[in-house]
Amino acid sequence: MEEITLKTIATQLGISISTVSRALRNHPDIKDSTKQAVFELAGQLEYEPNQLAFQLLNRRSNTIGVVVPKITYSLYSQAIPGMVDVSERHGYQLLICQTDDSYEKEVRQVQSLLSSRVSGIILSVSANTTQFDHLRRIQSKNVPLVLFNRDCEEINCSKVTIDNHKAACEAVAVLIQQGRKRIAYLGGPMNLQISRKRLEGYQQALNDAGVTPDERLIRVVSLDKEAMIASLNDLLDSPERPDAVLAYSDQIAQWALVMAKRKGIRIPDELAIIGFYNEPTNELLDPPLSSVSQPAFEMGVRAVELIFSELKNSRTAFERVVLESKLIVRGSI
53 MEEITLKTIA TQLGISISTV SRALRNHPDI KDSTKQAVFE LAGQLEYEPN
103 QLAFQLLNRR SNTIGVVVPK ITYSLYSQAI PGMVDVSERH GYQLLICQTD
153 DSYEKEVRQV QSLLSSRVSG IILSVSANTT QFDHLRRIQS KNVPLVLFNR
203 DCEEINCSKV TIDNHKAACE AVAVLIQQGR KRIAYLGGPM NLQISRKRLE
253 GYQQALNDAG VTPDERLIRV VSLDKEAMIA SLNDLLDSPE RPDAVLAYSD
303 QIAQWALVMA KRKGIRIPDE LAIIGFYNEP TNELLDPPLS SVSQPAFEMG
353 VRAVELIFSE LKNSRTAFER VVLESKLIVR GSI
């Protein structure tokens, strides 16, 4: 008796073998009418699927892809060990990519990870990412996607973040309680959702205190060193010089502290500074830099746990994990 194969069904229905294969796996891209025809013929011919072939067709490596802007950023260097810890307990390894905050690199790395048949992807979007088709492609391949730290509202998936609005609002409230009158916000690129959320929290804290935000004190600061220095020079030399600063990142806050000291501005007497991420080097500065600390290791742990949850349970709903942050007060305020 002739063996009934995918080719047998495909030939009789006049469709491709891949269409038959996807129909039998109930793939969403296949029309219901085609699925019905395939299932009916498979039943009539008493087709028995080759389980080994299906396993090969759907194979995934025991690898999870991780895409971050820069591994040297403290938050990511602290989060990755948390990811490794959970992954290894499940018999998986990490494949880590760095975008250098380049959209083009991010797209290429996502494609490379998909080609490597990773089981899931954890990603923090680059500062220059404004299009998200490459992230939608991950989901179209039924590969679990988790965004962490840097979120984007355009993609519906599981996410691990802090409440950036609340964190910024609480930091500015502390500055207001100290009697600061001209509080600036040094934001990162505004296409980054976390920068916008921190700006909104800054504005809310001022509004709650009955202070109208001064647009001259709100600056978008490039993550490029030279552009960052130019922007800070402009702010610190302006007639509207602030008496306090909330910076989008410790990188910006550290440069603000260094440049203010070069200009003879006394910290914290004349200028208070708060950053984000609580970089280890903050304690080495003079004065030590105050910063909003994020639970980086736990963020890494939870991100990988969400990947395994989706792999195990064939996700029916996405999960958003919001972890607590804390303002670490040091000598800069």
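First residue of the sequence shown: 53, per our numbering; consecutive thereafter. The C-beta atom is built at its ideal place from N, Cα and C for all residues, glycine as well. All values reported here derive from a predicted model rather than from experimental measurement.
#1: When burial is assigned at 16 or more other CB atoms within 10 Å of the CB, is residue 246 buried or exposed?
#2: From residue 281 to residue 301, what does the alpha carbon distance come to, in whole angstroms?
#3: Looking at the structure shown, is residue 148 part of a helix, part of a strand, or coil, going by DSSP?
#4: For the beta strand (DSSP E) that contains residue 327, what are its first and last residues?
#5: Sort out for me which residues DSSP pairs residue 213 with in a bridge.
#6: Write down the C-beta distance between residue 202 and residue 176 rounded to the nearest angstrom, noting that I regard them as a contact closer than 8 Å.
#7: What residue from 94, 287, 294, 145 has the CA that sits closest to residue 64's CA?
#8: Excluding the 5 residues flanking residue 243 on each side, which residues of the same chain have their C-beta closer than 8 Å to its C-beta?
#9: Is residue 238 near residue 319, with beta carbons less than 8 Å apart?
#10: Would the segment 356-374 and the segment 206-214 be scored as touching if the rule is three or more Cβ pairs under 8 Å?
#11: Do residue 74 and residue 84 have their CB atoms nearer than 8 Å?
#12: Cα separation between residue 257 and residue 225?
#13: Using 10 angstroms around the beta-carbon of residue 279, count the other beta-carbons present and answer buried if the total reaches 16, otherwise exposed.
#14: Go through the segment 277-320 residue by residue and report every complete run of the alpha helix (DSSP H) that reaches 4 residues or more, in order.
#15: Using 10 angstroms around the beta-carbon of residue 291, count the other beta-carbons present and answer buried if the total reaches 16, otherwise exposed.
#16: Less than 8 Å between C-beta atoms, sequence neighbours within five positions excluded: which residues of the same chain meet that for residue 171?
#17: Quick one: which unbroken alpha helix (DSSP H) runs of 4-plus residues sit fully inside the segment 187-234? Chain order, please.
#18: Suppose the cutoff is 6 Å on Cβ atoms and the five residues either side in sequence are ignored; what does the same chain contact list for residue 106 look like?
#19: What does residue 239 pair with, by DSSP beta-bridge criteria?
#20: Please tell me whether residue 352 and residue 121 are closer than 8 Å, where the distance is taken between their beta carbons.
#21: For the candidate residues 273, 217, 336, whose alpha-carbon lies nearest to that of residue 344?
#22: By Cβ distance, which residues of its chain are closer than 8 Å to residue 236, with the 5 residues on each side in sequence left out?
#23: Would you mind sorting residue 200 into buried or exposed? The rule is 16 or more other CB atoms within 10 Å of its CB.
#24: What is the rounded straight-line gap between the Cα of residue 135 and the Cα of residue 147?
#25: So the candidates are 129, 231, 289; which of them puts its Cα closest to the Cα of residue 8?
#26: What residues in its chain sit with their C-beta under 6 Å from that of residue 228, if we drop five residues either side in the sequence?
#27: Using only the alpha-carbon positions, how far apart do residue 390 and residue 167 sit?
#28: Taking residue 331 as the reference, which of 139, 284, 348, 317 has the closest Cα?
Looking at the coordinates:
#1: Within the sequence shown, the letter at position 194 stands for residue 246. Looking at its Cβ environment, which holds 16 or more other Cβ atoms inside 10 Å, residue 246 is buried.
#2: Position 229 of the sequence shown holds residue 281. Position 249 of the sequence shown holds residue 301. For residue 281 and residue 301, the distance between alpha carbons rounds to 14 Å.
#3: As a working note, residue 148 is residue 96 in the sequence shown. Reduced to three states, the DSSP call for residue 148 is strand.
#4: For the purposes of this step, residue 327 is taken as the residue at position 275 of the sequence shown. Residue 327 -> beta strand (DSSP E) spans 324-328.
#5: Taking the first residue of the sequence shown as 1, we reach residue 213 at position 161. BP columns for residue 213 point to 374.
#6: Position 150 of the sequence shown, counted from the start, is the residue given in the question as residue 202. Position 124 of the sequence shown, counted from the start, is the residue given in the question as residue 176. Their Cβ separation, rounded to whole angstroms, is 4 Å, which keeps residue 202 and residue 176 in contact under 8 Å.
#7: Looking up residue 64 in the sequence shown gives position 12. Here the closest residue by C-alpha is 94.
#8: Along the sequence shown, read from residue 1 onward, the residue named residue 243 stands at position 191. Shown here for residue 243: same chain residues with a beta carbon closer than 8 Å to its own, the five before and five after excluded, namely 179, 180, 181, 182 in chain order.
#9: Translated into positions along the sequence shown, residue 238 becomes position 186. Translated into positions along the sequence shown, residue 319 becomes position 267. It is not a contact, given that the beta carbons lie outside the stated cut-off.
#10: yes
#11: Translated into positions along the sequence shown, residue 74 becomes position 22. Translated into positions along the sequence shown, residue 84 becomes position 32. Cβ atoms of residue 74 and residue 84: not closer than 8 Å.
#12: On the sequence shown, residue 257 is found 205 positions in, with the first residue counted as 1. On the sequence shown, residue 225 is found 173 positions in, with the first residue counted as 1. The straight-line gap from Cα to Cα measures roughly 6 Å.
#13: Within the sequence shown, numbered from 1, the residue matching residue 279 stands at position 227. Exposed is the call here.
#14: Within the segment 277-320, the complete alpha helix (DSSP H) runs of at least 4 residues are 277-288, 302-314.
#15: Start at 1 with the first residue of the sequence shown, and residue 291 comes out as number 239. When all chains shown are included, residue 291 counts as exposed.
#16: Residue mapping note: residue 171 aligns to position 119 of the sequence shown, counting from 1. So the qualifying residues of the chain are 112, 113, 114, 115, 116, 144, 195, 196, 359, 363.
#17: 216-229
#18: For the purposes of this step, residue 106 is taken as the residue at position 54 of the sequence shown. With a pLDDT of 47 at residue 106, under the threshold of 50, the predicted position of this residue should be treated as unreliable, though the coordinate-derived value follows. So the list is empty, once near-sequence residues are dropped.
#19: Along the sequence shown, read from residue 1 onward, the residue named residue 239 stands at position 187. Residue 239 is bridged to 272.
#20: Along the sequence shown, read from residue 1 onward, the residue named residue 352 stands at position 300. Along the sequence shown, read from residue 1 onward, the residue named residue 121 stands at position 69. With contacts defined as CB atoms closer than 8 Å, residue 352 and residue 121 fail to qualify as a contacting pair.
#21: Counting from one through the sequence shown, the residue named residue 344 turns up at place 292. Between residue 344 and the set 273, 217, 336, the nearest pair of CA atoms involves 217.
#22: Your numbering for residue 236 matches position 184 in the sequence shown. In chain order, 269, 270, 271, 287, 294, 296, 297, 298 place their CB closer than 8 Å to the CB of residue 236, counting only its own chain and leaving out the 5 sequence neighbours on each side.
#23: Numbered from its first residue, the sequence shown carries residue 200 at position 148. Buried is the call here.
#24: The sequence position of residue 135 within the sequence shown is 83, counting from 1. The sequence position of residue 147 within the sequence shown is 95, counting from 1. When rounded, the distance between both Cα atoms is 11 Å.
#25: Examination of residue 8 is not possible in this model, given that the chain is present from 53 through 385 alone.
#26: Translated into the one-based positions of the sequence shown, residue 228 becomes position 176. Once the five neighbours on either side are set aside, the close Cβ partners of residue 228 are 261.
#27: Outside the shown range of the chain (53 to 385) lies residue 390, about which nothing can therefore be said.
#28: In the sequence shown, the residue the question calls residue 331 occupies position 279. Nearest option by C-alpha distance: 348.
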